[in-house]
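Accompanying notes for the structure given below.
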Amino acid sequence: MMSLRAVARSAPRATALTRAPSTVVSSMMGRTQASARVAGSSLKSAFLRPQQLSAFSTSLLRRNPLSETDEELSAKLAGEIEFENELDDTASIPSNVKDYIENGPFELKDTAGAEEVVLTRTFGDEKITVTFSISDIHNFDQDAFDEDPALADEMEDGEGRKEGEEGEGFDGEDNEPPIRCRLNVVVEKPGKGALQVEAAAQDGVVVVENLYYYKDAALAHAGSPDAVHKAQDVYPGPPFNSLDEDLQVLMERYLEDRGISQPLALFALDYIGVKEQKEYGQWLKNLKGFIDA
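One point on numbering: in full-length UniProt numbering, the residue at position 67 of the sequence shown is 67, and numbering is uninterrupted.
Right, here's the structure in full:
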């Protein structure tokens with residue numbers, strides 16, 4: 001199903017095309033008139049001092065108006081901004097997002113203009129950080145999802161209906177696969193290093209994929225190339241799903257006790273949509289401001 005934003009962007013460009021012939025004619029006439037003035041202008045410029053020529057050319061550049069393309073682009077951006085503002089007026093922030101921000105265990109850090117969202121909390125003497133990014137909305141590979149046999153098997157419901165047959169698809173409304181939001185979880189203890197967990201929020205649950213232990217807690221954040229290199233040299237451990245099943249269950253319960261659970265998964269999946277909408281609106285305004293400057 002095409003989104004409202006996609007519909008807005010698919011507006012015809014016939015207006016710009018119909019103006020092209022007049023632009024070409026004007027350009028040709030301008031070139032003809034310019035050729036007729038070449039001799040006279042060359043003679044006059046020979047008697048002008050270098051300083052006069054410099055001042056004359058600079059003043060002309062300063063008085064040059066925006067090109068026709070600039071004006072059309074600015075108008076198009078204005079229309080996009082208006083459309084996004086209308087969406088903001090009609091759309092409401094999901095209630096679970098508001099409730100989680102106000103009553104959840106984590107403190108939200110959302111920097112305007114940044115893709116990443118950071119959640120932090122303390123649990124006893126532990127410092128817990130959860131990071132996720134709105135880039136997952138754009139990086140989601142639907143083709144890979146469709147080609148994965150294991151994920152295709154999950155499409156069967158109680159009546160054996162699969163994708164492509166009549167009826168509801170992934171989410172009960174259309175045939176689009178669910179968004180998958182990656183979660184980077186770091187649990188630190190003073191002087192004891194850190195545990196890093198790579199997980200994903202999908203279908204309202206947290207799925208643990210890998211976990212690592214670092215004696216140096218800074219390696220779990222890997223903010224510099226040197227830290228990334230050092231972290232790669234540390235033994236990573238086996239994939240999480242290859243561990244003993246009882247160990248997997250206990251590890252998942254360990255994370256749930258620290259808030260890495262269903263409410264967090266639901267919040268992350270909804271919040272990336274809210275943030276992406278907000279960032280896109282501001283991006284349009286920044287772009288228009290630059291074009292108009």
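The beta carbon of each residue, even a glycine, is placed where N, CA and C say it ideally should be. In this text the structure is predicted, and so the values were computed from the model without any measurement.
Rounded to the nearest angstrom, what separates residue i and residue j at their Cα positions?
i	j	result
residue 245	residue 285	51 angstroms
residue 156	residue 215	Residue confidence for residue 156 is low, a pLDDT of 47 falling below 50, so the modelled location carries little weight and cannot support an answer.
residue 208	residue 138	22 angstroms
residue 120	residue 130	6 angstroms
residue 294	residue 110	No answer is possible for residue 294: it lies beyond the span of the chain, which begins at 1 and ends at 293.
residue 26	residue 281	Note on residue 26: pLDDT 42, under 50, position unreliable in the model; the coordinate value appears next. Their Cα atoms are separated by approximately 37 angstroms.
residue 108	residue 226	28 angstroms
residue 257	residue 185	13 angstroms
residue 125	residue 132	23 angstroms
residue 233	residue 76	50 angstroms
residue 183	residue 203	14 angstroms
residue 102	residue 222	30 angstroms
residue 117	residue 181	12 angstroms
residue 127	residue 79	45 angstroms
residue 247	residue 235	19 angstroms
residue 213	residue 83	47 angstroms
Can you tell me whether DSSP reads residue i as helix, strand or coil?
i	result
residue 76	helix
residue 215	coil
residue 269	helix
residue 234	coil
residue 137	helix
residue 182	strand
residue 193	strand
residue 132	strand
residue 227	helix
residue 198	strand
residue 279	helix
residue 86	helix
residue 126	strand
residue 258	coil
residue 69	helix
residue 188	strand
residue 245	helix
Which term fits residue i, buried or exposed, when burial requires 16 or more other beta carbons within 10 angstroms of its beta carbon?
i	result
residue 88	exposed
residue 123	exposed
residue 70	exposed
residue 283	exposed
residue 136	buried
residue 228	exposed
residue 290	exposed
Are residue i and residue j touching if we call contact CB-CB under 8 angstroms?
i	j	result
residue 259	residue 94	no
residue 81	residue 288	yes
residue 292	residue 74	yes
residue 242	residue 206	no
residue 179	residue 255	no
residue 265	residue 201	yes
Please return the same chain residues whose Cβ sits closer than 7 angstroms to the Cβ of residue i, not counting the five positions on each side in sequence.
i	result
residue 100	263 and 267
residue 230	219
residue 249	none
Tell me which residues share the same chain as residue i and place their Cβ nearer than 6 angstroms to its Cβ, disregarding the 5 neighbours each side in the sequence.
i	result
residue 134	115, 272, 275 and 276
residue 68	none
residue 217	188, 193 and 194
With a threshold of 8 angstroms on Cβ separation, who are the neighbours of residue i within its own chain once the five nearest residues in sequence on each side are excluded?
i	result
residue 211	195, 196, 197, 198, 237, 240 and 251
residue 190	125
residue 85	281
residue 253	none
At a threshold of 7 angstroms, does residue i count as lining the ligand GDP (C-beta to nearest heavy atom)?
i	result
residue 124	This structure does not include the ligand GDP; it has no bound ligands of any sort.
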